[in-house]
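Each number in this note's numbering corresponds to the 1-based position in the sequence shown with 97 added.
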Amino acid sequence: MANDPGAKPLNEATKYVASRTLRSLDRSTSVLIEGDVAQEIGTLKQQQGSELQVHGSGNLIRSLLRHNLIDEYRLWIFPVVVGAGKRLFAEGTIPSGLKLTDGKVSTTGVMIATYEPAGEIATGSFALDEPTDAEVERRRRLED
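So this is what it looks like as structure tokens:
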């Protein structure tokens with residue numbers, strides 16, 4: 098990792114840690130977020146600086162979703178079926194549309210999809226309209 102060109106900026110970046118249990122952090126580049134996490138994230142988003150990222154916290158993601166605080170999703174889809182475990186978009190997640198803005202597939206089959214929010218999901222119905230008189234007559238003739 099020492100030769101990884103992305104390691105230095107990542108290691109030096111300020112990390113905001115949302116926690117219900119921690120009271121302090123050991124790293125000087127880390128800031129503990131307590132209390133109203135959505136409000137704190139909203140405030141951070143208004144400030145100048147680098148992007149905010151969430152890694153591995155489904156609960157935090159669902160909270161940010163409820164408050165419309167996610168601008169981009171980078172989802173890594175691995176070619177395995179686990180059969181159990183935590184869902185990223187669990188029961189109770191507010192339905193919303195996503196627009197694919199980028200997609201890549203690794204040599205091992207991992208799909209990396211980048212999405213942005215696309216608003217409410219357009220819904221429809223499979224219910225058929227009432228047939229017109231002409232259609233009713235056509236169907237009657239076919240039965241004869």
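Glycine included, C-beta positions come from ideal geometry on N, C-alpha and C.
Per DSSP, the bridge partner or partners of residue i
i    : result
A244 : The question about residue 244 has no answer, for the chain in this structure spans 98 to 241.
E213 : K196
L225 : BP columns for L225 are empty, so no partner.
V202 : M208
N159 : According to the sequence provided, residue 159 is Arg. The question's Asn does not apply to it. Looking at the DSSP assignment, R159 forms no beta bridge with any residue, so it has no partner.
Burial state of residue i, where buried means 16 or more other Cβ atoms lie within 10 Å
i    : result
L161 : buried
I209 : exposed
A233 : The question names Ala, but residue 233 is Val in the sequence shown. V233 comes out exposed.
A115 : buried
V202 : exposed
V134 : buried
Pair within 8 Å by beta-carbon distance, residue i and residue j
i    : j    : result
I218 : G189 : no
I158 : L185 : yes
G132 : L166 : no
G155 : A104 : no
Y212 : L172 : yes
Nearest to residue i (by Cα), restricted to the options the options
i    : options                   : result
S127 : L107, E234 and D101       : L107
T44  : I130, R124 and S125       : The shown model of the chain, from 98 to 241, leaves out residue 44, and the question about it has no answer.
P192 : K112, L172, W173 and R163 : R163
E109 : T140, V134, S116 and R124 : R124
G216 : D168, N100 and Q143       : D168
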